[in-house]
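Chemist:
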Amino acid sequence: YYPVTAKIALQDDNLRLAVLNDRAQGGTSMQDGVLELMVHRRLLRDDAFGVGEALNETAYGLGLVARGKHYLLFDTVKENKMVSVQARERFLQNQILTPAWKFLSDASDFDFESWQSSFNNAFSALSGSLPLNVNLLTFEPWKQPHSYLVRFEHLLEKDEDSLYSLPVTIDIAQLFGSFKIGTVKETTLAANQWLEDATRLKFTADPVPITEKVKSKLSEGLKITLKPMEIRTFVIEMQ
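Each number in the numbering used here comes from the position in the sequence shown (counting from 1) with 14 added on.
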């Protein structure tokens, strides 16, 4: 079994089957044309595979119950589709794994007209929509006042789609038009170092490792370009 955190798929020359899951599970294909997902595993005895104890997870004295959802997708594999099967799976997967959060409050003291006139009922930090193949992965307050940690990710792999697998450029100033952007500085993925200060090892056959500096590249103005499957992290100061 291999860890399946979001999707497992089978494909031949004509057809494709994919299963999207909402939590990590074990997956395998022991035979051609067969998919198997291990939703939960419970053992009453040690299986002698190195854990050293039985995998007997319980809650309230009973065996743990595993819950979740699976989305089963069938489709044909065609080169001339407007949007590829893999791209549609990625877009649906993004909706499943990052659904909108819903918050409710008691409004019994107001009628609808009073509520509308007394409160701002709509606000978005984004002035526009992101491209379908770009996800705003992180947007959270950072260390200094009015600074935010922001991550963007390109959702598709190379060659998964004729259009959406291409590099994509977004304008941070237009995207966060509700704010006045002060400075934008790129960090490493974990945001523990400025990207311009990071040194990456370049492994070669030579016994002496060669290092190279990683440069932060901002296009004209505050535009950034994401390559397929790339995640870029920034600290943005807003005024």
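The beta carbon of each residue, even a glycine, is placed where N, CA and C say it ideally should be.
Could you compute how far the alpha carbon of Arg81 sits from the alpha carbon of Thr213?
Modeler: Start at 1 with the first residue of the sequence shown, and residue 81 comes out as number 67. Start at 1 with the first residue of the sequence shown, and residue 213 comes out as number 199. Going from the Cα of Arg81 to the Cα of Thr213 covers about 44 Å.
Chemist: Counting beta carbon pairs with one atom in the region 135-142 and one in the region 179-192, are three or more of them shorter than 8 Å?
Modeler: Enough Cβ pairs lie closer than 8 Å, so yes.
Chemist: Less than 8 Å separating the beta-carbons of Pro242 and Ser179?
Modeler: Numbered from 1 along the sequence shown, position 228 holds the residue referred to as residue 242. Numbered from 1 along the sequence shown, position 165 holds the residue referred to as residue 179. Against a cut-off of 8 Å, the Cβ pair of Ser179 and Pro242 comes out as a contact.
Chemist: In whole angstroms, what is the alpha-carbon distance linking Asp125 and Phe117?
Modeler: Within the sequence shown, numbered from 1, the residue matching residue 125 stands at position 111. Within the sequence shown, numbered from 1, the residue matching residue 117 stands at position 103. Distance between the alpha carbons of Asp125 and Phe117: 19 Å.
Chemist: Would you tell me roughly how many angstroms separate the C-alpha atoms of Ile238 and Leu86, rounded to the nearest one?
Modeler: In the sequence shown, residue 238 corresponds to position 224, counting from 1. In the sequence shown, residue 86 corresponds to position 72, counting from 1. Taking the straight line joining both Cα atoms gives about 35 Å.
Chemist: Mind reading off the beta-carbon distance from Arg30 to Ala23? Whole number of angstroms is fine, and I expect it under 8 Å.
Modeler: Walking along the sequence shown from the start, residue 30 turns up at place 16. Walking along the sequence shown from the start, residue 23 turns up at place 9. At roughly 6 Å, the Cβ-Cβ gap stays under 8 Å, so Arg30 and Ala23 are in contact.
Chemist: Can you tell me where the alpha helix (DSSP H) holding Phe105 begins and where it ends?
Modeler: Looking up residue 105 in the sequence shown gives position 91. From DSSP, the alpha helix (DSSP H) with Phe105 extends over Val99 to Leu111.
Chemist: Of the residues Pro155, Arg37 and Tyr15, which one's Cα is nearest the Cα of Met44?
Modeler: Reading the sequence shown from its first residue, position 30 is the one you call residue 44. Here the closest residue by C-alpha is Tyr15.
Chemist: Taking just the CA atoms, how far does Met52 sit from Leu69?
Modeler: In the sequence shown, residue 69 corresponds to position 55, counting from 1. In the sequence shown, residue 52 corresponds to position 38, counting from 1. Looking at the two C-alpha atoms, the distance is approximately 14 Å.
Chemist: Return helix, strand or coil for Phe126, following the three-state DSSP convention.
Modeler: Within the sequence shown, residue 126 is the residue found at index 112, counting from 1. If DSSP states are grouped into helix, strand and coil, Phe126 belongs with the helices.
Chemist: Where does Gln207 sit, in a helix, a strand or coil, going by DSSP?
Modeler: In the sequence shown, the residue the question calls residue 207 occupies position 193. Correct three-state label for Gln207: coil.
Chemist: Using the C-alpha atoms, what's the distance from Arg104 back to Leu144?
Modeler: Indexing the sequence shown from 1 puts residue 144 at position 130. Indexing the sequence shown from 1 puts residue 104 at position 90. Distance between the alpha carbons of Leu144 and Arg104: 15 Å.
Chemist: Taking only three categories from DSSP, how would you classify Ser43?
Modeler: Indexing the sequence shown from 1 puts residue 43 at position 29. Coil at Ser43, not helix or strand.
Chemist: Just curious, the alpha helix (DSSP H) that Ala187 is in, first and last residue?
Modeler: Position 173 of the sequence shown holds residue 187. Here the alpha helix (DSSP H) through Ala187 covers Ile186 to Leu189.
Chemist: When you compare only the Cα positions, how much space is there between Trp115 and Phe217?
Modeler: Position 101 of the sequence shown, counting from 1, holds the residue named residue 115. Position 203 of the sequence shown, counting from 1, holds the residue named residue 217. Roughly 43 Å between the two C-alpha positions.
Chemist: CB-CB under 7 Å to Gly196, same chain, minus the five flanking residues each way: which ones, in chain order?
Modeler: Here residue 196 is taken as the residue at index 182 of the sequence shown, counted from 1. Around Gly196: Glu251, Met252 and Gln253.
Chemist: Let me know the beta strand (DSSP E) ranges lying completely inside the region 40-96, each 3 residues or longer, listed in chain order.
Modeler: Correct list: 50-52 and 84-90.
Chemist: Would you kindly check if the distance between the Cβ of Gln100 and the Cβ of Val175 is under 8 Å?
Modeler: Reading the sequence shown from its first residue, position 161 is the one you call residue 175. Reading the sequence shown from its first residue, position 86 is the one you call residue 100. The amino acid occupying residue 175 in the given sequence is Asp; Val does not appear at that position. Yes, they are a contact pair.
Chemist: One question on the structure: do Leu163 and Ala204 come within less than 8 Å of each other, judged by their Cβ atoms?
Modeler: For the purposes of this step, residue 163 is identified with residue 149 of the sequence shown, where counting begins at 1. For the purposes of this step, residue 204 is identified with residue 190 of the sequence shown, where counting begins at 1. No, Cβ-Cβ distance for Leu163 and Ala204 is not below 8 Å.
Chemist: Compute the distance between the beta-carbons of Phe248 and Glu200, then report whether it is under 8 Å.
Modeler: Locating residue 248 in the sequence shown gives position 234, where the first residue counts as 1. Locating residue 200 in the sequence shown gives position 186, where the first residue counts as 1. Yes, Cβ-Cβ distance for Phe248 and Glu200 is below 8 Å.
Chemist: If I follow the unbroken beta strand (DSSP E) through Lys199, where does it start and stop?
Modeler: Stepping through the sequence shown from its first residue, residue 199 is reached at position 185. It spans Ile195 to Thr201 - the beta strand (DSSP E) in which Lys199 sits, taken as one unbroken run.
Chemist: Quick check on Ala121: buried or exposed, where buried means 16 or more other Cβ atoms within 10 Å of its Cβ?
Modeler: On the sequence shown, residue 121 is found 107 positions in, with the first residue counted as 1. Flag for Ala121 reads exposed.
Chemist: Where does Phe131 fall in DSSP's three states?
Modeler: Here residue 131 refers to the residue found at position 117 when the sequence shown is read from its first residue. Reading the sequence as shown, one finds Ser at residue 131 and not Phe. It is helical.
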